[in-house]
Amino acid sequence: HKVSAEKVAYGSMARNKDISVDVRNLVISHWKNGKLVRRVGQILKLSNSTVFNIIRRFKKTNSVENKQRSGHPRTFSEREERWIVRQVHINPRTSALKLTLKCKSGFRKSVNPETVRNVSRKHKYHGRVPRRKPYMSKANRKARLVFAKMYVKQPTELWENIIFVDESKYNIFGSDDKQKVWRTPNTALHIKNLRPTVKYGGGNQLVWGCMASSGVGNLYFINGTMNKYVYFDILKRNLKQSASNFGISRHFKLYQDNDPKHTADI
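103 is the number that UniProt numbering gives to position 103 of the sequence shown; each next residue is one higher, with no gaps.
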């Protein structure tokens, strides 16, 4: 009956990562009474290695008490740290202040943002300014990948007679605010760590340009509204001259995107 009672009283405790001092004392008591390691483990629902380590520590220190830990006790448990890292991974743009408020409400702990930052850094998440890349939808990314795979094995000579044209709008006064993301090393170009830019968003000077394998062609500054007639006039004024500068004026192919102004029937 004594053995059965001990199983009930200490079985659930034994599954904890940190075995209680009372259970350790029971291990030593059974061991001193001549019971084998395996039998002690069966009685107290402990693994053989756990029983062995408790006995070994007792032989070495003549005690089952934990050593007094040095330094400041950790603020977050491993489980709480995993939660913080998971939030940063899900939303790299979340701020340390927001995470601090969530920790206070969820864990009932009074912490400051720097503590949360330290947890993120510990797991190799550092605050970085996101790289700016043109926004691309999933459909656009898929189409570009298909295009790249189609031509990746083609000889480089294929591109010698091709002119790429496009237009873009630029910020002159640099009105963008600063942002940061939490990311691990070598993940700067992961989609969620980028800062998408919209082609015509926030700028104030629209520019048309072209390029070929041999270099860049004319630049044309567009004032006013861009429509199919303006676009066609730009091509008439600049495309042939650029092709001549490239040395491919007789035979060349024009590559442009699917903007309606580019594909409209004029």
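Note that beta-carbon positions come from the ideal geometry of N, C-alpha and C, so glycine has one too. This one's a predicted model, so the numbers in the text were calculated from it and none came from an experiment.
Burial state of T50, where buried means 16 or more other Cβ atoms lie within 10 Å: Flag for T50 reads buried.
Report all residues from its chain with a CB closer than 6 Å to the CB of I248; omit the five preceding and five following residues, and keep chain order. Take I248, set aside five residues on each side of it, and the residues of its chain with a beta-carbon closer than 6 Å to its own are N161, in chain order.
Could you please give the first and the last residue of the uninterrupted alpha helix (DSSP H) stretch that includes L99? L99 -> alpha helix (DSSP H) spans 96–107.
Straight-line gap, F221 to A243 (C-alpha atoms, nearest Å): Each residue's alpha carbon lies about 19 Å from the other.
In chain order, each beta strand (DSSP E) run of at least 3 residues that lies wholly inside the stretch 146–175: Within the stretch 146–175, the complete beta strand (DSSP E) segments at least 3 residues long are 162–170, listed from N- to C-terminus.
What does the alpha-carbon distance come out to for the pair residue 269 and L99? For residue 269 there is no data in the structure shown, the boundaries of the chain being 1 and 266.
Continuous alpha helix (DSSP H) assignments of at least 4 residues falling wholly in the stretch 41–65: Segments of the alpha helix (DSSP H) lying fully in the stretch 41–65: 48–61.
Chain-order list of residues whose beta-carbon lies under 8 Å from that of S47 (same chain, five-residue window excluded): Excluding the 5 residues flanking it on each side, S47 has same chain C-beta neighbours closer than 8 Å at G41, in chain order.
Could you pull out every residue in the same chain whose Cβ sits closer than 8 Å to the Cβ of Y255, ignoring the five residues on either side in sequence? I162, I163, F164, V165, listed in sequence order.
Less than 8 Å between the CB atoms is what I'm expecting for V88 and Y135, so what's the real figure, rounded? The C-beta distance from V88 to Y135 rounds to 23 Å, too long to meet the 8 Å contact threshold.
Determine which residues share a DSSP beta bridge with A212 and list them. Paired residue(s): G215.
Regarding V23 and the ligand NAP, is the C-beta to nearest heavy atom distance less than 7 Å? Ligands displayed in this structure: none; no statement on the ligand NAP is therefore possible.
Using the Cα positions of S20 and F107, report the straight-line distance between them to the nearest angstrom. Rounded to whole angstroms, S20 to F107 spans 24 Å at the Cα level.
Report the three-state DSSP secondary structure of Q205 (helix, strand or coil). Shown here, Q205 sits in a strand according to DSSP, grouped into three states.
From the DSSP secondary-structure annotation, give me the bridge partner or partners of I222. Its beta-bridge partners are L206.
DSSP state of D257, grouped into three classes? Assignment of D257 by DSSP, reduced to helix, strand and coil, places it in the coil class.
Measure the alpha-carbon distance for F147 versus S77 and round it to whole angstroms. One C-alpha to the other measures close to 49 Å.
Helix, strand or coil at S92 [DSSP, three-state]: First, the amino acid is wrong: residue 92 is Pro here, not Ser. Coil at P92, not helix or strand.
Check the DSSP bridge columns for R128 and list the partner residues they point to. R128 is bridged to V181.
Residue from I191, T75, P196, E65 with nearest C-alpha to V119: Closest option to V119, Cα to Cα, is T75.
Which of the three DSSP states is assigned to P196 in this structure? P196: strand per DSSP, three-state reduction.
Could you give the distance in angstroms between the alpha-carbon of K153 and the alpha-carbon of A143? When the Cα atoms are used, K153 and A143 turn out to be separated by approximately 17 Å.
With distances taken from CA atoms, which of H123, S214, K169, G34 is nearest W182? Sorting H123, S214, K169, G34 by C-alpha distance to the C-alpha of W182 places H123 at the top.
May I ask you to report which of helix, strand or coil DSSP gives P113? Correct three-state label for P113: helix.
Reducing DSSP to helix, strand and coil, say where K133 ends up. Correct three-state label for K133: strand.
Range of the contiguous alpha helix (DSSP H) that encloses S29: Boundaries of the alpha helix (DSSP H) harbouring S29: 21–32, taken from the DSSP string.
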